[in-house]
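Student: Numbering (my numbering), first residue to last: 10 to 170.
Yeah, the Cβ is synthetic: ideal placement off N, Cα and C, and Gly gets one too.
Mind looking over this structure? Questions follow.
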């Protein structure tokens with residue numbers, strides 16, 4: 010078992026009082042948490058499955074990139090299982106950069122959405138409300154950030170947010 014390394018814990022965010030500020034604050038907090046788990050993870054362990062399901066750190070972040078793009082930008086996904094698999098040529102830097110770019114684009118959409126009850130503008134596709142999209146992304150990102158916590162500890166003993 011790897012020697013434990015403790016990251017400094019980042020407390021939950023202090024956000025403004027509105028519902029939108031709270032939801033966006035927690036989503037950004039979780040986004041940063043999962044990037045921190047992946048960005049300095051060693052090769053080849055970052056892409057190596059540590060559990061029978063095949064889940065690995067790089068695949069989790071790649072999947073979340075697709076989820077962000079699907080929910081907020083309307084990008085279609087035909088095979089969700091494939092989104093968990095990074096290409097052999099994908100580097101940690103590549104996957105983190107693509108995720109961060111998806112987040113920037115998603116936030117640009119959210120910045121224009123002032124009514125949480127309004128639909129996310131997604132031409133040609135059914136659209137969820139902004140509230141539903143934010144809540145779903147908090148759930149999805151939090152779930153996979155928890156998986157990433159465990160995988161990272163198995164890789165090199167690193168814990169903390």
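Express the C-alpha separation of residue 64 and residue 113 in angstroms, rounding to a whole number.
Tutor: Computed Cα separation, rounded: 26 Å.
Student: Alpha carbon to alpha carbon, how far is residue 159 from residue 95? Give it in angstroms, no decimals.
Tutor: Going from the Cα of residue 95 to the Cα of residue 159 covers about 19 Å.
Student: Return the chain-ordered list of same chain residues with a C-beta closer than 7 Å to the C-beta of residue 111, the five sequence neighbours on each side being excluded.
Tutor: These residues qualify, in order along the chain: 74, 77, 78.
Student: From the DSSP output, in three-state form, read off residue 87 for me.
Tutor: Three-state DSSP puts residue 87 in coil, outside helix and strand.
Student: Starting from residue 148, trace the alpha helix (DSSP H) in both directions and tell me its first and last residue.
Tutor: Taken as a continuous stretch (DSSP letters only), the alpha helix (DSSP H) holding residue 148 covers 139-165.
Student: Would you grab the beta carbon distance between residue 71 and residue 44 for me? Rounded to a whole angstrom, and I think it's under 8 Å.
Tutor: Not a contact, Cβ separation roughly 12 Å.
Student: Can you tell which of 84, 91, 83 has the C-alpha that lies nearest to the C-alpha of residue 68?
Tutor: Comparing Cα-Cα distances from residue 68 to each of 84, 91, 83, the minimum goes to 91.
Student: Identify every residue that forms a DSSP beta bridge with residue 114.
Tutor: Paired residues: none, contrary to the question.
Student: Rounded to whole angstroms, what's the CA-CA distance from residue 26 to residue 33? Just pull it up for me.
Tutor: Distance between the alpha carbons of residue 26 and residue 33 is about 11 Å.
Student: Rank 140, 88, 169, 130 by C-alpha distance to the C-alpha of residue 118 and give the top, closest one.
Tutor: Measuring from the Cα of residue 118, the nearest candidate turns out to be 130.
Student: Under 8 Å by Cβ, that's how I've got residue 66 and residue 157 pegged, so tell me the actual separation to the nearest angstrom.
Tutor: About 6 Å; that satisfies the 8 Å criterion.
Student: Among the residues of its own chain, which have a CB less than 7 Å from the CB of residue 58, if the five just before and after it don't count?
Tutor: These residues qualify, in order along the chain: 64, 65.
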